[in-house]
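Chains as they are written, first to last, in this note's numbering: chain A, 11 to 172; chain B, 2 to 424. All residues carry an ideal CB built from backbone N, CA and C; glycine is no exception. Take a look at the structure below.
Here it is in structure tokens:
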């Protein structure tokens with residue numbers, strides 16, 4: 011929850027955008043996060059979308075041409091940490107008692123994931139110094155990528171029996 | 002069998018990565034792609050690195066036979082072929098078996114090292130008698146980043162036989178007739194034994210050790226003591242499995258099985274030959290025998306007892322002769338609610354068997370306590386009891402709260418002969 015609030019606060023602290031819409035989106039994100047913590051896992055995705063939307067307002071307001079926003083890395087890490095911690099909180103609600111070794115390994119894995127998230131966001135940002143392809147081509151590529159991801163997720167969801 | 006499925010993490014990451022990349026491409030802002038990148042990378046790494054681990058589990062109870070209400074330790078040994086960061090295990094216990102220690106339940110999340118067995122222990126208590134299978138274990142592993150999960154239901158039958166407990170009997174229902182083999186029942190016949198029977202004049206062939214010197218001195222001629230020999234007997238427990246009683250309190254079949262277990266144990270302890278017949282939806286039997294083998298067979302039979310309703314006519318006439326040996330005592334355990342069981346008891350008595358009934362009184366619901374139906378029910382039962390007693394069958398009532406030892410002692414006393422056996 012603390013990480014979620016911090017994530018919602020990052021665009022506000024960064025500034026450069028109308029505050030009221032940002033606060034509204036942050037509030038929506040917090041509500042979705044609370045719903046997620048009450049057991050509705052999809053709430054974390056909605057929370058992340060709300061926080062990302064809040065950050066996007068800053069990008070729209072700045073409109074600095076080819077200059078990149080450095081806050082994106084922090085926002086990416088915060089978003090990832092919020093979702094990951096939320097999902098972990100749901101997974102932890104099991105009757106199985108985790109031993110110390112498991113808890114320690116889990117913490118280590120989380121730190122590694124957050125570090126990896128920072129690196130991934132930084133690399134993408136560094137590579138995106140120039141504008142991406144024209145919107146039409148980009149849209150086609152994005153649709154194809156999204157369809158591929160959703161199809162593979164659906165296939166996995168059906169559960170392959172091994 | 003291992004089943005792979007996507008976790009909530011998979012769906013969330015897919016949705017966020019897809020949406021982020023799509024919007025980034027549509028708007029041409031790399032910052033949005035940077036927001037989606039961690040989810041996309043975690044997704045790819047998580048799916049690529051997820052492999053079902055080879056895990057073997059063995060469940061072993063400390064003993065395979067306990068008395069109802071006793072605790073037993075169960076050891077769960079888990080071995081993985083490779084290192085596994087976290088394995089969630091759940092020992093799926095059957096109904097009637099509860100966890101005592103650890104208090105949180107028989108579920109663990111443990112880390113495993115490759116080929117190093119990990120031993121977990123749990124103490125369970127058996128609340129219900131019967132054959133329980135402890136060998137069901139559910140394993141869940143979320144390898145790599147937890148995007149995919151692998152779940153296995155492992156079944157390796159590990160039966161735990163829980164014997165019903167109705168207490169130890171100090172007295173048993175002694176049969177009127179005994180066999181010719183040595184045992185612990187005091188026979189009605191006269192012969193070599195310990196129990197004093199009578200004094201009579203000396204006859205040629207009597208042993209000098211049996212001379213009663215005091216009586217001989219008083220009477221002026223030689224008198225000897227007569228004794229009752231110790232013999233064993235045969236008994237058949239007739240179990241009514243037509244229908245179980247109401248669920249409130251102790252059901253009649255449950256009481257019947259507990260009583261049969263206690264009676265057979267007590268009778269086998271005094272070297273009697275015991276058999277059992279279940280008459281109901283299906284008719285099963287165990288031919289009379291003695292010793293540990295007979296006890297094992299009777300217990301196995303009792304543990305499989307279920308009440309099954311049938312409309313079919315059931316009778317003891319079709320049983321093999323060896324199941325109901327002549328001169329055997331027939332102990333009926335029945336709520337006397339079914340006419341077919343009544344007919345079976347009357348048939349047994351008409352064939353000259355020594356029979357006695359332990360009536361398992363069914364508890365009626367509290368509603369309408371003084372209703373006409375209740376009074377009719379009581380009258381009907383009274384009538385059945387009188388019908389049986391009129392043909393020489395003693396009936397003892399065994400309520401849900403009654404101790405069986407008291408019921409058996411009352412029955413033994415009512416049968417007009419002390420039913421104590423030498424142990």
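Using a 10 Å radius around the Cβ and a threshold of 16 neighbouring Cβ atoms, would you call residue 423/B buried or exposed? In this prediction, residue 423/B has a pLDDT of 40, which is less than 50 and means its spatial position is unreliable; what the coordinates show is noted afterwards. Classification of residue 423/B: exposed, given that the 10 Å Cβ count is below 16.
Would you call the stretch 157-173 of chain B in contact with the stretch 80-94 of chain B, where contact means no fewer than 3 C-beta pairs closer than 8 Å? no
Segments of 4+ residues assigned as alpha helix (DSSP H) that fall wholly inside the stretch 336-366 of chain B: 340-351
Determine the DSSP secondary structure at residue 138/A, reduced to helix, strand or coil. coil
What in chain B is Cβ-close to residue 62/A, meaning under 9 Å? 17, 20, 21, 24, 33, 36 and 37
Taking the Cβ atom as the reference point for each residue, do residue 166/B and residue 128/B lie within a distance shorter than 7 Å? no
So, does the CB of residue 89/B fall closer than 7 Å to a CB anywhere in chain A? yes
Give, in chain order, every residue of the stretch 111-135 of chain B whose Cβ lies closer than 8 Å to some Cβ of chain A. 111 and 112
Min CB distance residue 13/B to chain A below 7 Å: yes
Using 8 Å for Cβ pairs, my map puts residue 335/B next to residue 241/B. What's the rounded Cβ distance? 3 Å
Using beta-carbon positions only, say whether residue 270/B and residue 229/B come within less than 7 Å of one another. no
For residue 94/B and residue 109/B, believed in contact at Cβ under 8 Å, the rounded distance: Between residue 94/B and residue 109/B the Cβ distance is about 14 Å, and since that is not below 8 Å, they are no contact.
For the candidate residues 297/B, 281/B, 323/B and 72/B, whose alpha-carbon lies nearest to that of residue 341/B? 281/B
In chain A, which residues lie less than 7 Å from residue 30/B when you measure between Cβ atoms? 69
Please confirm whether residue 170/A has its beta-carbon closer than 7 Å to some beta-carbon of chain B. Any answer about residue 170/A is weak, because its pLDDT of 43 lies below 50 and its placement is not dependable; what the coordinates show is given next. Cβ-Cβ to chain B under 7 Å: yes for residue 170/A.
Looking at the C-beta of residue 47/B, does it have a partner C-beta in chain A at a distance below 7 Å? no
Would you mind reading off the limits of the alpha helix (DSSP H) that contains residue 16/A? 12-24
Closest Cα partner of residue 104/B within the set 116/A, 106/A and 36/A: 106/A
Near-chain A residues of the stretch 97-112 of chain B - C-beta to any C-beta below 9 Å: 103, 105, 106, 107, 108, 109, 110, 111 and 112
Rounded C-alpha distance that separates residue 71/B from residue 398/B: 28 Å
Proximity test, Cβ basis, 7 Å: residue 10/B and chain A: yes
Taking the alpha carbon of residue 130/B as the reference point, which residue from 73/B, 171/B and 259/B has its own alpha carbon closest? 259/B
Three-state class that DSSP yields for residue 407/B in the structure shown: helix
Specify the secondary structure class of residue 245/B as computed by DSSP and reduced to three states. coil
Around the C-beta of residue 133/B, are 16 or more other C-beta atoms found within 10 angstroms, so that it is buried, or is it exposed? buried
Can you tell me which of the three DSSP states residue 419/B falls into? Annotation note: pLDDT 39 at residue 419/B (below 50); position unreliable, no value reported.
Spatially closest choice to residue 426/B from 185/B, 373/B, 143/B and 16/B, by CA coordinates: Nothing about residue 426/B can be reported from this structure: the residues present for chain B run from 2 to 424 only.
With distance defined between alpha-carbon atoms, name the residue in 62/B, 184/B, 68/B and 55/B nearest to residue 79/B. 55/B
Going along chain B in order, which residues have a C-beta closer than 9 Å to the C-beta of residue 138/A? 25, 30, 31, 32, 34 and 35
Taking only beta-carbon positions, decide if residue 77/A is within less than 7 Å of chain B. no
Check the Cβ-Cβ distances between residue 90/A and every residue of chain B, and say whether any is below 7 Å. yes
If we define contact as Cβ-Cβ less than 7 Å, is residue 42/B a contact residue for chain E? Looking for chain E here will not work: the only protein chains present are A and B.
Decide yes or no for the touch test of the stretch 193-209 of chain B against the stretch 286-301 of chain B: beta carbon pairs closer than 8 Å, at least 3 of them. no
Per-residue DSSP class, three states only, for residue 250/B: Legend: pLDDT at residue 250/B = 44, less than 50; position of this residue unreliable, value from coordinates given subsequently. Coil.
DSSP bridge partner residues for residue 151/B (one or two, in chain order): 5/B and 142/B
Residues of chain A with CB under 8 Å from residue 57/B, in chain order? In chain order: nothing, as chain A lies at least about 16 Å away.
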